[in-house]
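S.K.: Can you keep this structure in mind? I'll have questions shortly.
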Amino acid sequence: MNQDLMKLLQKESMLPKPSEEICKKINGLTGLLEIQGINNWRTLDTKPEIHIYNRIHKSNSYDSTSSGNSFRNLHHVVSQESISKSRTPLKSATSSPRYNSKFRNSDIEVNDKILNTIILSKLNKFSESTYNEIRDFLYQILGSSDHSNEEFIKEFMNLVFEKAAREEIFCPLYAKLLSEISEKHPVILVEMNKLHENYLEIFKECDEDTGKDYNGFVKKNSEKKYRLGYSQFLAELIMLRILSSDKILQIFTIIIEQIHMKGKEKDQTSLIEEYINCLLRITKVLRKRTEEFFIQIRSTLEPIILEAKTIIDTNRLEYISVSPKSKFLFMDIQDFIKGL
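Position one of the sequence shown corresponds to residue 1 (full-length UniProt numbering), numbered consecutively onward.
This is how it looks when you write it as structure tokens:
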């Protein structure tokens, strides 16, 4: 044994002495061990201590010298999975405005998606060049058994009416689209007449008493700016004879009632001019049309317009918001109805 030890010492004595730089590094390492409370690197446990874990759970009175510091007990540490579950998901950015469908039931969420993604996306590209493509696409959608139900047709019609009222330049195309689709799907005409009743409300001024139905008040006011656009759309529907004469009479009656009411109030000049412009857009399509359909409408509307103008002229001091411009527009309407 002593002989073996002598050989080992003799062998170590023959090894070259470490350089001064290595000695400094060894001394530095020794100091690091002392900071950690370890006197000798030879007694260092091969299992690393989890000092962060010990600091976090120090209040739980774990024994710092126990095996709880080894990786065998890491099940006490909160897992990444549990951290992920506890996080609150970030709210997505507000999406761009879209058509507000009335579909709510989970059973018809697919219909809502078709309207607000597929069909709306197609209509956003609506133009002369894309007309045939979009029309044929809608033939397929509305022709399928899944989307021929009344509620879907109603929502589709509402979407088209809103688009047409907002995009006056495309009113003739939208009217043509509904006319051609109605040939394959007559239910379109039924829903169009029902929807027309709802749209008549935008020609009525809202009372500022919002206590009863505030949401309805806000919606109605937001739709006012589309009065001219909707009137233009109605004019195009009349041109294609897909709106009955009684509906046209109904529109004129409501607008003239509003003119008589608001024309006597202060600061309503712009509103009255807008109303009369709505009538003007509709009557323009009746001008010089010789078909019986248009002749019948003109003969029905002529006495209504004449009576309204006569009342306003006779009581001009009362109609303080009926401007000279409005009176001239009224004269144009008379000429159009007479076919001049």
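A virtual CB, placed ideally from N, CA and C, is assigned to each residue, including glycine. In this text, all values refer to a predicted model and were calculated from it rather than measured experimentally.
Suppose the cutoff is 6 Å on Cβ atoms and the five residues either side in sequence are ignored; what does the same chain contact list for Ser-326 look like?
M.R.: So the qualifying residues of the chain are Ile-272, Glu-273 and Ile-276.
S.K.: Measuring CB to CB, does Glu-197 end up less than 7 Å from Met-157?
M.R.: No, Cβ-Cβ distance for Glu-197 and Met-157 is not below 7 Å.
S.K.: Residue range of the alpha helix (DSSP H) that Ser-299 falls in?
M.R.: It spans 292 to 314 - the alpha helix (DSSP H) in which Ser-299 sits, taken as one unbroken run.
S.K.: Should Gly-143 be labelled buried (16 or more other beta-carbon atoms within 10 Å of its own) or exposed?
M.R.: Gly-143 is exposed by the Cβ-count criterion.
S.K.: Using a Cβ-Cβ cutoff of less than 7 Å, which residues in the same chain neighbour Ser-179 once the five nearest sequence positions on both sides are dropped?
M.R.: The residues are Leu-240 and Ile-242.
S.K.: Count the other CB atoms, across all protein chains shown, that sit within 10 Å of the CB of Ser-231; report buried if there are 16 or more and exposed otherwise.
M.R.: Its Cβ being crowded by 16 or more others within 10 Å, Ser-231 is buried.
S.K.: For the candidate residues Ile-119, Leu-159, Lys-154 and Ile-256, whose alpha-carbon lies nearest to that of Gln-140?
M.R.: Closest option to Gln-140, Cα to Cα, is Ile-119.
S.K.: Going by DSSP, what residue range makes up the alpha helix (DSSP H) through Leu-173?
M.R.: Leu-173 -> alpha helix (DSSP H) spans 171 to 184.
S.K.: Ordered along the chain, which non-local residues of its own chain (more than five positions away) have a Cβ less than 7 Å from that of Leu-280?
M.R.: Here the set comprises Leu-329, Asp-332 and Ile-333.
S.K.: If I measure Cβ to Cβ from Ser-323 and keep anything under 8 Å in the same chain, skipping five residues before and after, which residues do I get?
M.R.: Thr-269, Ile-272 and Glu-273, listed in sequence order.
S.K.: According to DSSP, is Ile-320 part of a helix, a strand, or is it coil?
M.R.: Here Ile-320 sits in coil by DSSP.
S.K.: With DSSP run on the structure shown, which of helix, strand or coil describes Asn-124?
M.R.: Residue state, collapsed to three classes: coil.
S.K.: For the pair the segment 306 to 314 and the segment 284 to 298, tell me if three or more CB-CB distances fall below 8 Å.
M.R.: The answer is no - the segment 284 to 298 does not touch the segment 306 to 314, with fewer than three Cβ pairs under 8 Å.
S.K.: I need the DSSP call for residue 345, collapsed to helix, strand or coil.
M.R.: The question about residue 345 has no answer here: the residues shown for the chain are numbered 1 through 340.
S.K.: How would you write the range of the alpha helix (DSSP H) that Gln-250 sits in, first residue to last?
M.R.: Element bounds for Gln-250: 245 to 262.
S.K.: Would you tell me roughly how many angstroms separate the C-alpha atoms of Tyr-174 and Leu-317, rounded to the nearest one?
M.R.: Looking at the two C-alpha atoms, the distance is approximately 42 Å.
S.K.: How big is the Cα-Cα spacing for Ile-188 and Ile-337?
M.R.: Distance between the alpha carbons of Ile-188 and Ile-337: 29 Å.
S.K.: Excluding the five sequence neighbours on either side, which residues of its own chain have a C-beta within less than 7 Å of the C-beta of Thr-300, listed in chain order?
M.R.: These residues qualify, in order along the chain: Ser-245 and Leu-249.
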